[in-house]
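Here's the structure, in structure tokens; my notes come after.
Protein chains: 2
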Amino acid sequence: MSVLVVGSTALDSIKTPVLENPRLLGGSASHAAVAASFFAPVKMVGIVGKDFPKKYVTLYKKHKIDLEGLQIADGETFHWSGEYELNMNKRRTLNTVLGVFETFTPHLPQQHKDSPYVLLANIAPSLQHHVLDQMNRPKFIVADTMDLWLNIALGDLLKLLKRVDAFVLNDSEAHLLTKETNIFPALKKIHKLGPKYVIIKKGEHGSVLSGPSGIFIAPAYPIKCVIDPTGAGDSFVGGMIGYLASVGGNVEKNLRRAIIHGSAVASFCCEGFGLSRTTRVTRKDIDARAKELEAMVRL
Amino acid sequence: MSVLVVGSTALDSIKTPVLENPRLLGGSASHAAVAASFFAPVKMVGIVGKDFPKKYVTLYKKHKIDLEGLQIADGETFHWSGEYELNMNKRRTLNTVLGVFETFTPHLPQQHKDSPYVLLANIAPSLQHHVLDQMNRPKFIVADTMDLWLNIALGDLLKLLKRVDAFVLNDSEAHLLTKETNIFPALKKIHKLGPKYVIIKKGEHGSVLSGPSGIFIAPAYPIKCVIDPTGAGDSFVGGMIGYLASVGGNVEKNLRRAIIHGSAVASFCCEGFGLSRTTRVTRKDIDARAKELEAMVRL
Numbered sequence: 000m001s002v003l004v005v006g007s008t009a010l011d012s013i014k015t016p017v018l019e020n021p022r023l024l025g026g027s028a029s030h031a032a033v034a035a036s037f038f039a040p041v042k043m044v045g046i047v048g049k050d051f052p053k054k055y056v057t058l059y060k061k062h063k064i065d066l067e068g069l070q071i072a073d074g075e076t077f078h079w080s081g082e083y084e085l086n087m088n089k090r091r092t093l094n095t096v097l098g099v100f101e102t103f104t105p106h107l108p109q110q111h112k113d114s115p116y117v118l119l120a121n122i123a124p125s126l127q128h129h130v131l132d133q134m135n136r137p138k139f140i141v142a143d144t145m146d147l148w149l150n151i152a153l154g155d156l157l158k159l160l161k162r163v164d165a166f167v168l169n170d171s172e173a174h175l176l177t178k179e180t181n182i183f184p185a186l187k188k189i190h191k192l193g194p195k196y197v198i199i200k201k202g203e204h205g206s207v208l209s210g211p212s213g214i215f216i217a218p219a220y221p222i223k224c225v226i227d228p229t230g231a232g233d234s235f236v237g238g239m240i241g242y243l244a245s246v247g248g249n250v251e252k253n254l255r256r257a258i259i260h261g262s263a264v265a266s267f268c269c270e271g272f273g274l275s276r277t278t279r280v281t282r283k284d285i286d287a288r289a290k291e292l293e294a295m296v297r298l
Numbered sequence: 000m001s002v003l004v005v006g007s008t009a010l011d012s013i014k015t016p017v018l019e020n021p022r023l024l025g026g027s028a029s030h031a032a033v034a035a036s037f038f039a040p041v042k043m044v045g046i047v048g049k050d051f052p053k054k055y056v057t058l059y060k061k062h063k064i065d066l067e068g069l070q071i072a073d074g075e076t077f078h079w080s081g082e083y084e085l086n087m088n089k090r091r092t093l094n095t096v097l098g099v100f101e102t103f104t105p106h107l108p109q110q111h112k113d114s115p116y117v118l119l120a121n122i123a124p125s126l127q128h129h130v131l132d133q134m135n136r137p138k139f140i141v142a143d144t145m146d147l148w149l150n151i152a153l154g155d156l157l158k159l160l161k162r163v164d165a166f167v168l169n170d171s172e173a174h175l176l177t178k179e180t181n182i183f184p185a186l187k188k189i190h191k192l193g194p195k196y197v198i199i200k201k202g203e204h205g206s207v208l209s210g211p212s213g214i215f216i217a218p219a220y221p222i223k224c225v226i227d228p229t230g231a232g233d234s235f236v237g238g239m240i241g242y243l244a245s246v247g248g249n250v251e252k253n254l255r256r257a258i259i260h261g262s263a264v265a266s267f268c269c270e271g272f273g274l275s276r277t278t279r280v281t282r283k284d285i286d287a288r289a290k291e292l293e294a295m296v297r298l
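These protein sequence lines are chains B and D, in that order. So the first sequence is numbered by numbering that gives the first Met the number 0: it starts at 0 and just counts up by one. So the second sequence is numbered by numbering that gives the first Met the number 0: it starts at 0 and just counts up by one.
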């Protein structure tokens, strides 16, 4: 079954202590769509400017991503510049050019409206709502977010949480949302806001799923060297929903294994700048890491 | 089979953002011995002063800890005072009175020398050596340490690593020892120093075991509120070796489950000041949490 991915499509200029890379393919939808594409057919909805490099369109196409919902508008592509600290855990934004994103309204082509699996990747909650307004009863809806929306669009986000099956956020965002320093009371509070499933991402420390079957504590894949963690969270959630779409059936039953596969894709994302490493791996490589991860938690 | 625990026996005065508790029973050997006692008979070796409260001796005895190796010397008991920050992750030492510890030499009673399981809990590496010098070929030796010894007694510690089966340290100590920010390359480097098994403790993020069967990523038990994390690492390693001694047989086969049981004991330790919570639980309570932890990593 197919996955609809809506989010940002951007150019990222990323500085790490080791290297600097300008105008890489980035954005939550780009990372998530490529990650999901290893498992299932993907339809991507987003917007880019006339300056968007052709090679990146070719790259989407290489991953068989349906681009009918990708608007190409007059103006500049959304451009984020950021810098990582030495331990790669903290990043700061150097500059943001919204460009064509400023006036973006996601329009869903007719055949997108029946997508059974929907990933509302990180983007303004009002746009995430707008996508859901156009959908015909999807089977499973996941929403991701970022601290920015918790700070400037909390009302919209809280309304969104009542409309999604799963909500994904990182540990510092969970703290920001609930004021809880410990993630387990935080999970409880977030469930009360609506979502049946809550997934808290903890970077190198893995992730925690909370749902009707209780808590699942998932490890991150042990990579030797983080080159660039940008997009790892998007890759994680993209891989997760892609896996769910590929196996179909009962979400509850497959979600833990889906998270393991999401972690595997995220690990590749961190091993190169932007999407450079992710786009060079195969489903077989991902499955091999997922299998290794499964062995690392087996008693 | 029995466990020999050697380490510090102390009084701890602990300040957290919420409470202040003077002269609690503390020290690496106290925490580790009580933790191990839930699983197997424990012999403890340490030293206290004449000021050591009788109630704490009663408490050791309640846990059936063999105290023949506990020296009672003229002078003050080792006394540590420390303070935790709001998020309970960072602590700073306010004061240390070495007291009788200053001249401590661990003497092993005759029947201690054949103990099959030996835990060299956190104490000066020279004393850990001194214990091993007196032992008759134990089946399994675990050593714990702290940053202090990495800074002031690295030579002794490096020699010790060639004499132990397993080495336990936390993530910041692993960084201090190997200069690696990522724990997986750090594990590789530490194996080269001697130990067949290396276990890195990551506090609320669980622990990682590296050994001949590969990597095992163990979760920490999700507790709602950390009251006082002092001794959690000692409880973890004590519970782990206690479990190993209780099941006997092949260490390789049982180590992952032993780590899960160690995590369960450590979680109780964090839920009260000093040993106040740990000494009120039963083996049944610990097994229940271990079972919950196993369910949290099951796919």
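Glycine included, each C-beta is placed from N, C-alpha and C at the ideal position.
Look at the region 169-202 of chain B: the residues with a C-beta under 8 angstroms from a C-beta of chain D are Thr180, Asn181, Ile182, Phe183, Pro184, Lys201. Proximity of B/Val296 to chain D, defined by a Cβ-Cβ separation below 8 angstroms, is satisfied. Put simply, of B/Gln127, B/His174, B/Leu175, B/Ser275 the residue whose alpha carbon is nearest the alpha carbon of B/Leu160 is B/Gln127. Residues of the same chain with a CB within less than 8 angstroms of the CB of D/Gly205, apart from the 5 flanking positions on each side, are Ile216, Ala217, Pro218, Ala219, Ser262 in chain order. Judged by DSSP secondary structure, D/Gln110 falls outside any beta strand (DSSP E); it is assigned neither H nor E. Selection B/Cys269, B/Leu24, B/Phe235, B/Val207 evaluated against B/Ile226 yields B/Cys269 as nearest (Cα-Cα).
Here B/Thr144 really is in contact with B/Glu172; their C-beta atoms are around 7 angstroms apart, less than 8 angstroms. When Cβ pairs closer than 8 angstroms are counted between the two stretches, the region 110-124 of chain D is seen to touch the region 227-241 of chain D, the count reaching three or more.
Distance from the CA atom of B/Gly74 to the CA atom of B/Phe51, rounded to whole angstroms, is 10 angstroms. B/Phe100 sits in a helix when the DSSP states are folded into three classes.
Under the 8 angstroms criterion on CB atoms, B/Glu101 is classed as non-interfacial with respect to chain D. Of all residues in the region 253-270 of chain D, the ones placed with a Cβ closer than 9 angstroms to any Cβ belonging to chain B are Arg255, Arg256, Ile259, in chain order. For B/Thr177, the secondary structure class from DSSP, reduced to helix, strand or coil, is helix. Judged by DSSP in its simplified three-state form, B/Ser212 adopts coil rather than helix or strand. Sequence-distant partners of D/Gly273 (beyond 5 residues in either direction) whose C-beta falls short of 8 angstroms from its own C-beta, in its chain, are Asp11, Ile13, Asn20, Leu23, Leu24, Gly25, Asp227, Thr229, Gly230.
Rounded to whole angstroms, D/Glu293 and D/Asp286 show a C-alpha spacing of 10 angstroms. Pairing B/Ala165 with B/Ile199 gives a Cβ-Cβ distance that is not under 8 angstroms. Listed by position along chain B, the residues whose Cβ is nearer than 8 angstroms to that of D/Glu293 are Leu298. Just so you know, the alpha carbons of D/Ala72 and D/Val44 end up roughly 13 angstroms apart. When DSSP reads this structure, D/Asp65 sits in a beta bridge with D/Lys42.
Per DSSP, D/Arg255 is one residue of the alpha helix (DSSP H) stretching across 250-269. Excluding the 5 residues flanking it on each side, D/Ile182 has same chain C-beta neighbours closer than 7 angstroms at Asp170, Ala173, Ile199, Val207, in chain order. Inter-residue distance for B/Arg90 and D/Asp284 is about 42 angstroms (C-alpha atoms, whole angstroms).
For B/Glu75, no pairing in a beta bridge is given by DSSP. Residues of the region 231-252 of chain B with a Cβ closer than 8 angstroms to any Cβ of chain D: none. In the assembly as shown, D/Arg297 is an exposed residue. Its beta-carbon has fewer than 16 other beta-carbons within 10 Å. The count of Cβ pairs closer than 8 angstroms, one atom from the region 53-61 of chain B and one from the region 77-96 of chain B, stays below three, leaving the stretches out of contact. Under the three-state reduction of DSSP output, B/Tyr196 falls in the strand class.
According to DSSP, D/Ile13 shares a beta bridge with D/Asn20, D/Gly81. In this structure B/Arg288 is buried. Its beta-carbon is surrounded by 16 or more other beta-carbon atoms within 10 angstroms.
Looking at B/Trp148, B/Gly98, B/Glu67, the one whose alpha-carbon comes closest to that of B/Gln109 is B/Glu67. Here D/His111 has Leu3, Lys42, Gly68 as same chain residues with Cβ atoms under 6 angstroms from its own Cβ, once five neighbours each way along the sequence are excluded. Shown here is that no member of the region 117-138 of chain B has a Cβ falling below 8 angstroms from a Cβ of chain D. One thing to note: D/Phe267 has its Cβ within 8 angstroms of the Cβ of D/Val280.
For D/Lys290, not one C-beta of chain B is nearer than 8 angstroms to its own C-beta. Within the region 104-160 of chain D, the complete beta strand (DSSP E) segments of 3 residues or longer fall at 116-119, 139-143, listed in chain order.
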